Amino acid sequence: MKFVKGMLVLAIIAGAVYVGTRYLGCSLLRDYTVNEDKKIRAITERIDELEKEKVKDTMTLRRLGDQYSLLGTVYLEKGLWNQAVAAFEKSVARGKTTPEVLYSLGLAHANRGKEANDPDDIEKAEAFYRRALAARKDFSDARNALAILLFFERDDREQGLAMAREVVAGDSKFYIGRFTLGRFYYEMGRPREALAVYEELYSDLEKLPPSEIIEGYKKDCRGNIQRIMAEMVKKKDG
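First residue of the sequence shown: 56, per this note's numbering; consecutive thereafter.
Structure below.
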């Protein structure tokens, strides 16, 4: 579940529309293959029924937008970026331009662009993240994803860091954002600040009721703390 082998864990997500799980190099996605395939068939059948209607009134278009959005979400979870992009584009074309859909379309472009090294996809991802934020200023997922894109893809580390700080300041319970902030500090050669982020995060996680996701966060947080401390000791002794 590492961003890059041997590096700090950035964040974990288990089976939801994520911050960019593959884009961020995470891999704790449950195996939903069977259920997802059933979902795809059911959604596709419903879309076919709606698309066959000769006259598409406002209600039909709204339902189509919803169905294409659901389909895009499943494709996003499966890491099928081309299909996810196509589905979300159709959702938007049918009037579903919610912040969540715009953000998800941005994720699909970001993941595809990262894997294919396609700057056009990265451009589109940034544009959709910004559109999502323009529609909902307190959208932590979109702001965090944009911070990551700026930091790693645009090499605009200061702007990415500033945005990550905004995310954490605006919502301390958005734990993925705190993983992001700690990773940014680490990448910028500021281990003490990274360590402080992870230690504070771990302390807060310890106060929460146990769950699979929280336990995963704690495990990754511990790993990051141990790695940073070991590197600091090694540097001091060296």
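Every residue gets a Cβ at the ideal spot worked out from N, C-alpha and C, and that includes glycine. Predicted, not measured: the structure shown is a model, and the values here were computed from it.
DSSP-derived helix/strand/coil call for residue i
i	result
F239	helix
T152	coil
G134	coil
K94	helix
K107	coil
D121	helix
N-terminal and C-terminal residue of the alpha helix (DSSP H) that residue i is part of
i	result
N279	267–292
D259	246–261
Beta-carbon contacts of residue i that lie in its chain and below 6 Å, excluding the five residues immediately before and after
i	result
R77	With a pLDDT of 35 at R77, under the threshold of 50, the modelled position of that residue is not reliable, and no figure is offered here.
L126	I98, A142
W136	A163, N166, R167
E108	T115
Close beta carbons around residue i, own chain, < 7 Å, minus the five adjacent residues each side
i	result
D211	L205
H164	V140, D176, K179, A180, F183
C276	Y253, L256, Y257, L260
L116	R149, G150
Cβ shell of residue i (< 8 Å), same chain only, five flanking positions each side left out
i	result
M243	R212, L216
N158	Before going further, note that residue 158 is Tyr rather than Asn in the sequence given. F183, Y184, A187, F194, D196, A197, A200, listed in sequence order.
Original post:
Can you list the beta strand (DSSP E) stretches of 3 or more residues lying completely in the segment 148–234, in chain order?
Top reply: Listed in chain order, there is nothing to give.
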